[in-house]
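Numbering that gives the first Met the number 0 applies: residue 0 is where the sequence shown begins, and numbers increase by one. Quick reminder that beta carbons are idealized off the backbone N, C-alpha and C, glycines included. Data first, discussion second: the structure below is written as structure tokens.
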Amino acid sequence: MNLHTQLSKIDPRTRVLTGWSAYLHARWEEAFASHLTTVEKKRIYLKGVGDYSGYLWHVFSYQTREHLSRSEAISAFHALRKKRCFVFYQYSNDAFLIEDSFRIDMNMLQNEEDIYLVDADFTWTFVITHETETCGPYFAKV
Numbered sequence: 000m001n002l003h004t005q006l007s008k009i010d011p012r013t014r015v016l017t018g019w020s021a022y023l024h025a026r027w028e029e030a031f032a033s034h035l036t037t038v039e040k041k042r043i044y045l046k047g048v049g050d051y052s053g054y055l056w057h058v059f060s061y062q063t064r065e066h067l068s069r070s071e072a073i074s075a076f077h078a079l080r081k082k083r084c085f086v087f088y089q090y091s092n093d094a095f096l097i098e099d100s101f102r103i104d105m106n107m108l109q110n111e112e113d114i115y116l117v118d119a120d121f122t123w124t125f126v127i128t129h130e131t132e133t134c135g136p137y138f139a140k141v
């Protein structure tokens with residue numbers, strides 16, 4: 000079962016946001032990486048193309064922002080009183096808007112990679128990377 004189907008089961012109001020990825024990437028970067036200079040962003044491969052480049056979650060893996068990881072991140076995510084949130088991927092043009100996301104948990108997301116969940120106000124984020132053995136998941140609040 001794909002993620003959209005799962006999300007729609009927990010909240011039938013879930014919407015696909017076609018073409019929203021660039022906007023959400025920019026908002027996420029503003030919320031969670033605005034403390035970094037352009038040079039620092041380049042050093043941690045936050046921007047760019049090619050191997051290792053462009054992953055927003057590098058802000059956590061390179062230890063440039065306070066965060067929780069692994070089981071602590073999952074626990075913090077599960078403990079949240081989640082409401083409206085966005086779900087987007089590192090390499091997809093589409094995203095989802097979930098109006099009532101309180102039932103989203105790690106079991107639902109366990110097969111996902113390079114996925115970002117963020118509340119509608121960009122005050123918290125939960126990230127699952129493709130490097131599950133060494134990086135993430137991550138959780139951070141602004």
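- For Phe101, no alpha helix (DSSP H) run applies, since DSSP gives it neither H nor E.
- Annotation for Val141: no alpha helix (DSSP H) segment contains it, and DSSP assigns it neither H nor E.
- Judged by beta-carbon spacing, Trp27 lies within the 8 angstroms limit of Val117, meaning their Cβ atoms are closer than that value.
- When Ser52, Ser70 and Leu6 are compared, the shortest CA-CA separation from Phe138 is found for Ser70.
- Apart from sequence neighbours up to five positions away, the residues of its chain that approach Thr17 with a beta-carbon distance below 8 angstroms are Asn92 and Asp93, ordered along the chain.
- Bounds of the alpha helix (DSSP H) holding Trp27 are Ser20 to Ala32.
- Going by DSSP, Leu6 is part of the alpha helix (DSSP H) stretching over Leu2 to Ile9.
- Within its own chain, the residues whose Cβ lies closer than 6 angstroms to the Cβ of His129, once the five positions on either side in sequence are excluded, are Glu112 and Asp113, listed in chain order.
- Taking 8 angstroms as the cut-off, the beta carbon of Arg80 is found no closer than this to the beta carbon of Ser100.
- Judged by DSSP in its simplified three-state form, Thr124 adopts strand.
- In the three-state reduction of the DSSP assignment, Arg42 falls in the helix class, which pools H, G and I.
- Contact between Phe125 and Leu6 is ruled out by a C-beta separation of about 14 angstroms, above the 8 angstroms threshold.
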